[in-house]
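Going by my numbering, the first residue of the sequence shown is number 6, and it counts up by one from there. Just so it is clear, CB atoms sit at the ideal spot from N, CA and C, and this is done for glycine as well. Report on the following structure.
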Amino acid sequence: MHKTRFSSSSWTPRHIASTLCAWRSLPIALALGSASSSALALEVDLVPLDQSATTFVGTLEDRPLTLELLGQEAVTGGSRVFARVNGSPVALRLPAGITLAEIDGQTPVVLTDGEGKVLLAGRLDSLGRDRTLALADELGLLELDQALYGAQKQALTQNFRPITQRIDAAMAPLGDSPYQRQPGASVWSTAEIGDLDGDTRSSDYSGDGKVALLGIDYRYRNLLVGVAAGKSEMYLDGRSGGNTDLGGEMIAPYVAIALLNDRLVLDATFLYQDLDGTARRDYLVEGIDLDGDRWGARGAATYHLPSYQLTGHHRIDTSLTLGGTYLDDDVDGDYLVGETDYGEETGEVFAGVRLGADVFTGRLFGGLLYHYDVSSDVDDDADFLDGGDDDRTVLELGATQRLGPDVDFTLAGQTTLGSSGTEYDVISASLSYDF
């Protein structure tokens with residue numbers, strides 16, 4: 006317990022000490038992945054924000070905690086304490102004859118939110134791991150975890166998208182089309198911007214994302230090898246009156262091979278990103294500095310169907326694709342005097358169809374891809390952050406125009422159809438030169 010001199014108020018030092026002892030006993034296991042099957046005692050480190058002795062800031066199981074004590078009243082059969090936890094109002098009802106300082110794991114209590122919804126009714130030591138995480142979520146103590154998880158879900162698509170488009174263009178068997186990739190080296194660059202929206206288990210966000218990549222690859226017969234490097238970042242506004250920005254430099258080697266007379270294309274992309282950013286919330290006394298890294302991989306199999314010939318010089322090319330994507334974030338948050346690990350894993354599988362056709366001097370292409378979330382299969386805590394499977398259907402439309410000998414310019418866009426927990430509308434511009 007920190008020894009601090011309190012100014013005079015309706016809350017005396019004895020009341021404050023008792024209240025903090027009570028909050029220490031609440032078994033909210035916030036260190037994701039470290040909670041046991043039974044309820045845990047908390048590590049709470051709180052100090053008064055000022056001499057009012059009613060607002061305390063610090064950490065609870067390393068998660069940022071701002072506790073505001075609002076008052077106490079006597080009720081039939083006991084008493085009720087009112088407070089705000091990270092800006093969310095709550096009330097704790099105690100049985101008759103029990104003070105805050107006397108609460109232990111066997112004390113029956115009732116915890117309600119600001120609308121009177123019962124969050125907990127019963128003994129504290131009866132909570133298991135899943136219930137304590139659910140309670141932490143209902144109290145808003147996982148809001149920052151969920152915001153960073155939302156950013157990771159957006160990055161799952163954002164970081165791989167430009168390279169995927171490059172592989173699709175380079176490996177498609179287009180026959181005598183002027184856009185058939187020839188053996189040799191090629192350099193390319195891509196810039197992308199987009200609007201991002203989504204929701205997690207009990208939060209939502211909106212914002213924007215940006216990607217800029219420069220790549221080089223080489224095709225030898227049926228084999229393509231390349232590497233891309235650049236930067237991606239995103240800025241998200243959350244429901245708690247704050248924002249999160251996260252991004253950094255990245256590098257992504259990729260490889261693809263064509264089999265069965267170039268009909269079947271297998272490709273793989275690997276990603277490493279150095280992450281840096283800041284999370285700000287109205288209830289925090291200062292921003293949380295974010296730092297870490299991201300590892301990821303994407304693999305797909307694409308089968309190109311026989312072309313449908315429209316005329317002697319025009320045809321429609323169709324392909325089917327199936328694959329999966331995985332990301333692992335290891336992010337640390339520096340707040341006050343402590344550091345918190347916010348790292349999570351996420352993954353998805355996808356399947357879809359792509360169409361393409363040469364029109365006049367250019368080439369049009371489009372696709373429809375369905376993404377199925379499998380995050381709960383790679384991370385046990387995903388359900389406490391995402392709240393369910395985050396499936397989505399994505400429509401892509403684009404056009405490529407040859408600007409000069411071996412120089413192509415591509416403009417493309419993607420949008421999610423219907424409602425999804427991860428939504429985006431993006432547009433990208435690419436320029437490539439074949440040696």
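By the criterion of a C-beta distance shorter than 6 Å, Glu-350 is surrounded in its chain by Asp-333, Val-383, Asp-384, once the five residues flanking it on both sides are discounted. Within the model, the alpha-carbon separation for Leu-241 versus Asp-200 is close to 10 Å. Sequence-distant partners of Glu-291 (beyond 5 residues in either direction) whose C-beta falls short of 8 Å from its own C-beta, in its chain, are Tyr-340, Leu-341. A direct Cα-to-Cα measurement between Leu-374 and Asn-91 gives close to 39 Å. Cβ-Cβ separation between Thr-405 and Arg-368: approximately 5 Å, consistent with a contact (criterion under 8 Å). Counting the other Cβ atoms within 10 Å of the Cβ of Thr-137 gives 16 or more, which makes it buried. Following the DSSP letters along the chain, one finds Gly-121 in no alpha helix (DSSP H), marked with neither H nor E.
For Val-383, the uninterrupted alpha helix (DSSP H) run begins and ends at 380-383, by DSSP. Here the alpha carbon of Val-399 sits roughly 54 Å from the alpha carbon of Glu-78. With three or more CB-CB distances shorter than 8 Å, the stretch 258-274 counts as touching the stretch 162-177. By alpha-carbon distance to Asp-67, the top candidate from Ile-108, Leu-97, Asp-150 is Asp-150. In this structure, Leu-219 keeps its C-beta atom at 9 Å or more from the C-beta atom of Val-260.
Cβ-Cβ separation between Leu-310 and Thr-323: approximately 5 Å, consistent with a contact (criterion under 8 Å). Inter-residue distance for Gly-63 and Ile-108 is about 21 Å (C-alpha atoms, whole angstroms).
In its chain, beyond the 5 residues on either side, Gly-220, Ile-221, Asp-222, Ile-256, Ala-257, Pro-258, Tyr-259 have a beta carbon closer than 8 Å to the beta carbon of Val-232. The beta-bridge partner set that DSSP reports for Asp-209 consists of Asp-204.
The secondary-structure analysis by DSSP pairs Lys-215 across a beta bridge with Ile-198, Glu-238. According to DSSP, residue pairing for Ser-324 in a beta bridge involves His-309, Arg-359. In this structure, the CA atom of Gly-418 is about 11 Å from the CA atom of Phe-370.
Assignment of Pro-188 by DSSP, reduced to helix, strand and coil, places it in the coil class.
At a Cβ-Cβ threshold of 9 Å, Gly-214 and Ser-237 count as neighbours. A straight line joining the alpha-carbon of Ser-131 with that of Gly-110 spans about 8 Å.
Judged by DSSP secondary structure, Ala-387 falls within the alpha helix (DSSP H) whose first and last residues are 387-390. Rounded to whole angstroms, Thr-366 and Arg-407 show a C-alpha spacing of 7 Å. Under the criterion of beta carbons closer than 8 Å, Tyr-154 and Asp-391 qualify as touching, at roughly 7 Å.
Counting only runs of 4+ residues, no alpha helix (DSSP H) is found wholly inside the stretch 260-302. For Tyr-154, there is no enclosing beta strand (DSSP E); the enclosing alpha helix (DSSP H) has its first and last residue at 148-163.
According to the DSSP secondary-structure assignment, Phe-414 is paired through a beta bridge with Gln-406, Leu-436. Within the same chain, Cβ atoms closer than 7 Å to the Cβ of Arg-224 are found at Ala-175, Arg-186, Pro-188, Gly-189, the five residues on either side in sequence being excluded. With fewer than 16 other Cβ atoms from the protein chains shown falling within 10 Å of its own Cβ, Leu-265 counts as exposed. Around the beta carbon of Gln-314, a 10 Å sphere encloses fewer than 16 other beta carbons of the protein chains shown; the residue is thus reported as exposed. Under the three-state reduction of DSSP, Asp-430 is assigned to strand. A Cβ-Cβ distance of about 7 Å is found for the pair Arg-286 and Gly-246, placing them in contact under the 8 Å criterion.
When C-alpha distances from Gly-145 are compared across His-318, Ser-207, Leu-125, Gly-297, the shortest belongs to Ser-207.
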